[in-house]
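Visitor:
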Amino acid sequence: MDMFSNLALGFSVALTLKNIALCFAGCFVGTLIGVLPGVGPIATIAMLLPITFGLDPTGALIMLAGIYYGAQYGGSTTAILVNLPGEATSVVTTLDGHQMAKQGRAGVALGIAAIGSFFAGCVATLLIAALGLPLTRLAQLFGPAEYFSLMVMGLVFAVVLARGSILKAICMILLGLMLAQVGTDLETGQERMTLGLISLSDGIDFAVLAMGIFGFAEIIRNLENPETRDVVRGTIGRLLPGKEDFRQSYMPILRGTFIGSILGILPGNGAVLGPFAAYTMEKRLAKDPSRFGRGAIEGVAGPESANNAGAQTAFIPLLTLGIPPNAVMALMVGAMTIHGIIPGPQVMTRNPELFWGMVASMWVGNLMLVIINLPLVGIWVKLLKVPYRLMFPAILIFCCIGIYSINNSPSDVMFTAFFGLFGYIVLKLGFEPAPMLLGFVLGKLMEEKLRQSLILSRGDFMTFLDRPVSAVLLVIAVAMLVLALLPSIRKSRDEVFTE
Amino acid sequence: MANQDEQAGRAGSGIRAQQDFVAGLFLAVIALFAIWQASDMPLGTLRAMGPGMLPRAVAVMVGLGGVILMVSSFLEEGPALERFHWRGPLFILGGILLFALTIRTAGLIVAGPLSMIFGSLASDEFNWKEAAIFAVALTAICIVLFKFALGLPIPVIAFM
């Protein structure tokens with residue numbers, strides 16, 4: 001089997017002492033920052049990006065993968081212990097996880113979340129290994145028209161899955177596309193919308209935009225709405241779930257992994273749906289649904305597995321097609337580009353050690369999470385008690401140093417402040433900023449592919465419908481949008497997000 | 001959300017969703033600015049697009065979205081505009097700007113405490129002594145971590 005020899009190659013890369021150490025360090029600092037309330041995975045990764053700069057590309061990517069999982073798991077820890085979801089995907093975990101914590105079973109909740117995540121991570125790693133090669137081959141058959149249509153579909157998914165008004169989400173995507181056009185035109189070399197600023201001639205750096213909007217704007221907003229932090233008092237209890245807990249959770253873990261993996265592959269942030277879908281399903285299947293919301297272990301096991309499975313399979317569109325499905329993955333693109341790797345089908349063929357090493361290190365990263373987190377829960381609890389008035393200056397300085405270090409440029413730091421203000425205004429006006437980031441990331445590639453396909457078709461837009469694959473992708477996109485706009489579906493969509 | 005929506009109706013102005021109205025206006029202004037910025041770039045043809053074609057097309061779409069939002073704010077009930085505060089944005093963004101201005105000229109040893117103490121003023125629970133001690137201690141940690149442990153080329157002392 002190809003897949004196993006590839007995985008073996010990957011493990012031979014990931015299991016060197018140096019790379020294990022990097023993976024460990026990544027998971028550790030990722031969790032450390034990710035646990036802080038109000039710091040989601042995007043801010044965590046952007047903040048920690050500079051610490052990977054001194055490494056070789058493979059080592060850096062392995063460490064980044066570790067940071068990514070650490071940040072994800074850190075969010076769940078906060079959700080369980082403080083009842084504050086770090087990001088959309090851990091909202092569901094607060095429902096039953098925090099109830100379990102209040103009943104003195106915080107340890108078991110964290111334990112089952114780690115075990116479920118680990119299982120989901122194992123399955124998702126295998127899935128990436130299995131789908132990597134065929135999808136890469138498929139991607140190599142794609143022409144510019146197919147790529148363009150695929151990205152349109154991804155953006156439509158992102159709109160449909162965003163919370164709140166669909167019109168506002170569309171506007172945010174367009175705004176992201178607009179920001180992506182700042183900088184030098186790819187074909188003619190003309191400067192576009194740079195306002196005459198030299199530092200804008202290379203375009204806006206993704207980390208600058210992401211940090212402004214998800215780092216600084218979040219701080220400002222958190223300061224305005226003083227949180228009632230409800231850190232669990234008393235004991236964490238034992239960490240290892242008992243026999244009965246396992247009996248109740250193994251099916252939810254299996255189901256959650258399945259749902260999460262599939263949704264995660266979808267372009268346009270399908271992963272965010274995983275935990276919601278898993279929770280709803282467990283509640284429907286349960287003999288006694290009234291237990292949910294009162295500390296049912298299934299309500300932690302299922303969504304957490306789905307969360308982690310989706311977080312991992314989201315790498316599939318990125319690594320095979322070069323299309324990031326969500327904002328976190330978009331940040332990973334930025335990180336890879338800094339190390340001279342352009343994600344896409346060519347990575348697997350040109351640097352197989354890097355590709356498979358990273359896949360294998362995802363599995364190692366998941367294992368690390370179990371090993372690090374369970375013994376260190378005590379430290380995380382202490383960290384959660386640090387008051388926000390001390391936490392936010394620390395976040396501020398880490399963000400500043402992080403942004404400065406990317407290009408050693410003070411003007412980048414100033415632009416981040418500008419986008420912080422922009423993000424604050426946008427949040428106040430009721431927009432969801434995540435779709436904007438996705439539009440921004442796909443913007444350059446979309447423009448390139450659009451122009452290429454129109455050159456090939458001599459200016460005929462029908463090329464997108466004449467080519468069958470492209471036509472199917474566009475039809476799916478339109479159908480999704482229409483469905484989302486239908487009043488009855490709109491209502492149930494709102495319910496999913498408010499539950 | 002439902003009760004919030006009901007309260008939001010503004011008598012008199014005819015605007016039923018204040019937040020959406022301002023949001024639409026915000027987008028329209030950005031779109032106009034972008035159209036103005038893109039106005040001197042050659043459009044090209046569909047067969048060979050010039051650099052100005054897509055920026056203008058996207059800007060028009062953003063503007064259109066803004067107009068639709070504004071129109072719908074007269075028709076549908078929606079939330080009122082949230083209050084804007086000045087303290088958070090001023091001190092947080094000011095702290096970042098101070099960092100940007102001093103990092104090259106004075107180095108992290110000045111930029112760190114300066115930006116953190118100034119930024120700390122954004123909180124209602126500000127306390128001089130605590131903020132100063134914390135800022136100095138954290139700057140020392142940052143210098144050890146980023147400069148010495150990770151070897152990033154960040155200026156620590158630049159003014160000497």
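Going down the list, the sequences are from chains A and B. Counting in the working numbering, the first sequence runs from 1 upward without gaps. Counting in the working numbering, the second sequence runs from 1 upward without gaps. All C-beta atoms in this analysis are idealised placements derived from N, C-alpha and C, irrespective of residue type, glycine included. The structure presented is a predicted model; accordingly, all values stated were derived computationally and were not measured.
I want to see whether chain A comes within less than 8 Å of F148 of chain B, judged by CB atoms only; does it?
Guide: Cβ-Cβ to chain A under 8 Å: no for F148 of chain B.
Visitor: Going by the CB atoms, is the gap between S249 of chain A and I42 of chain A shorter than 8 Å?
Guide: Cβ distance not < 8 Å, so I42 of chain A and S249 of chain A don't count as in contact.
Visitor: Short of 7 Å Cβ to Cβ, which residues in the stretch 103 to 120 of chain B face chain A?
Guide: Hits within the stretch, in order: I103, R104, G112, S115, M116, G119 and S120.
Visitor: With DSSP as the reference, label M193 of chain A as helix, strand or coil.
Guide: Coil, per DSSP.
Visitor: Spell out the partners DSSP gives T184 of chain A in its beta bridges.
Guide: Per DSSP, A:E191.
Visitor: With a threshold of 6 Å on Cβ separation, who are the neighbours of G26 of chain A within its own chain once the five nearest residues in sequence on each side are excluded?
Guide: Same-chain partners within the cutoff: M63, G66 and I67.
Visitor: Please determine if the stretch 433 to 449 of chain A and the stretch 116 to 125 of chain A are in contact, where contact requires at least 3 C-beta pairs separated by less than 8 Å.
Guide: No: the two stretches stay apart, fewer than three of their Cβ pairs being nearer than 8 Å.
Visitor: Going by beta-carbon coordinates alone, are G513 of chain A and L174 of chain A separated by less than 8 Å?
Guide: Examination of residue 513 of chain A is not possible in this model, given that chain A is present from 1 through 499 alone.
Visitor: Expressed to the nearest angstrom, what Euclidean distance is found between the alpha-carbon atoms of D245 of chain A and F292 of chain A?
Guide: Whole-angstrom Cα-Cα distance: 15 Å.
Visitor: Comparing C-alpha positions only, which one of A:Q452, A:A286, A:T136 and A:M436 sits nearest to N269 of chain A?
Guide: Checked all of A:Q452, A:A286, A:T136 and A:M436; the closest Cα to N269 of chain A is A:M436.
Visitor: Taking only the alpha-carbon atoms, compute the straight-line gap between F461 of chain A and R47 of chain B and give it to the nearest angstrom.
Guide: For F461 of chain A and R47 of chain B, the distance between alpha carbons rounds to 10 Å.
Visitor: Could you tell me which chain A residues have their CB closer than 8 Å to the CB of Q18 of chain B, listed as they occur along the chain?
Guide: None at all; the shortest Cβ gap to chain A is about 10 Å.
Visitor: Does any residue of chain A bring its CB to less than 8 Å from the CB of L93 of chain B?
Guide: Yes - at least one Cβ of chain A is within 8 Å of the one on L93 of chain B.
Visitor: Could you tell me the boundaries of the alpha helix (DSSP H) in which Q19 of chain B lies?
Guide: Taken as a continuous stretch (DSSP letters only), the alpha helix (DSSP H) holding Q19 of chain B covers Q18 to A38.
Visitor: Quick check: the Cα distance between P393 of chain A and P37 of chain A, rounded to an integer number of angstroms?
Guide: Each residue's Cα considered, the two are about 14 Å apart.
Visitor: Express the C-alpha separation of L240 of chain A and A101 of chain A in angstroms, rounding to a whole number.
Guide: Cα to Cα, the separation comes out at about 14 Å.
Visitor: Between A:A360, A:R458 and A:G357, which lies nearest to T45 of chain B when the distance is taken from Cα to Cα?
Guide: The shortest Cα separation from T45 of chain B among A:A360, A:R458 and A:G357 belongs to A:R458.
Visitor: Show which residues of chain A have a CB atom less than 8 Å away from the CB atom of S73 of chain B.
Guide: Correct list: empty, because the minimum Cβ distance to chain A is about 11 Å.
Visitor: Output, in chain order, the set of chain B residues within a Cβ distance shorter than 7 Å of A394 of chain A.
Guide: Within chain B, the residues near A394 of chain A are L138.
Visitor: I'd like to know if I154 of chain B contacts chain A, where contact means its C-beta is closer than 8 Å to some C-beta of that chain.
Guide: Output row for I154 of chain B: interface = yes.
Visitor: Is the stretch 162 to 179 of chain A in contact with the stretch 55 to 63 of chain B, if contact means three or more CB pairs nearer than 8 Å?
Guide: Touching, per the Cβ criterion.
Visitor: Would you say A28 of chain B faces chain A, with C-beta separation under 8 Å as the test?
Guide: For A28 of chain B, the answer is no, since every Cβ of chain A falls outside 8 Å of its Cβ.
Visitor: Identify the contact partners of I401 of chain A in chain C, using a Cβ-Cβ distance below 7 Å as the criterion.
Guide: Chain labels in this structure do not include chain C; the protein chains are A and B.
Visitor: Anything in the stretch 57 to 70 of chain B with a Cβ closer than 8 Å to a Cβ of chain A? List those residues in chain order, please.
Guide: Within the stretch 57 to 70 of chain B, the qualifying residues are V58, A59, M61, V62, G65, G66, I68 and L69.
Visitor: DSSP three-state call for M49 of chain B: helix, strand or coil?
Guide: Three-state DSSP puts M49 of chain B in a strand.
Visitor: Let me check one thing: in DSSP terms, what residues is G44 of chain B bridge-paired to?
Guide: Answer is B:M49.
Visitor: Among residues of its own chain, excluding the 5 on either side of L138 of chain B, which ones have a beta-carbon nearer than 8 Å to its beta-carbon?
Guide: Around L138 of chain B: G112 and M116.
Visitor: Give me the subset of the stretch 180 to 205 of chain A whose CB atoms are less than 8 Å from a CB atom of chain B, sorted by chain position.
Guide: Result list: Q181, D185, E187, T188, Q190, R192, M193 and L195.
Visitor: How many angstroms separate the CA atom of V208 of chain A from the CA atom of P275 of chain A?
Guide: The straight-line gap from Cα to Cα measures roughly 29 Å.
Visitor: Applying the 10 Å Cβ sphere with the 16-neighbour rule, what's the burial state of D56 of chain A?
Guide: Looking at its Cβ environment, which holds fewer than 16 other Cβ atoms inside 10 Å, D56 of chain A is exposed.
Visitor: Out of curiosity, what's the CA-to-CA distance linking F11 of chain A and F315 of chain A?
Guide: Answer to the nearest angstrom: the Cα atoms are 18 Å apart.
Visitor: When you compare the CB of L46 of chain B with every CB in chain A, is at least one pair closer than 8 Å?
Guide: At least one chain A Cβ lies under 8 Å of L46 of chain B.
Visitor: Go ahead and pull the three-state DSSP assignment for N373 of chain A.
Guide: Reduced to three states, the DSSP call for N373 of chain A is helix.
Visitor: Under the rule that 16 or more other beta-carbon atoms within 10 Å means buried, what is N326 of chain A, buried or exposed?
Guide: Buried is the call here.
Visitor: 8 Å is my cut-off, CB to CB: does I224 of chain A come that close to chain B?
Guide: Checking the sequence shown, residue 224 of chain A turns out to be Glu, not Ile. Yes, its Cβ sits closer than 8 Å to a Cβ of chain B.
Visitor: Would you check if there are 3 or more beta carbon pairs closer than 8 Å linking the stretch 408 to 426 of chain A to the stretch 193 to 201 of chain A?
Guide: Enough Cβ pairs lie closer than 8 Å, so yes.
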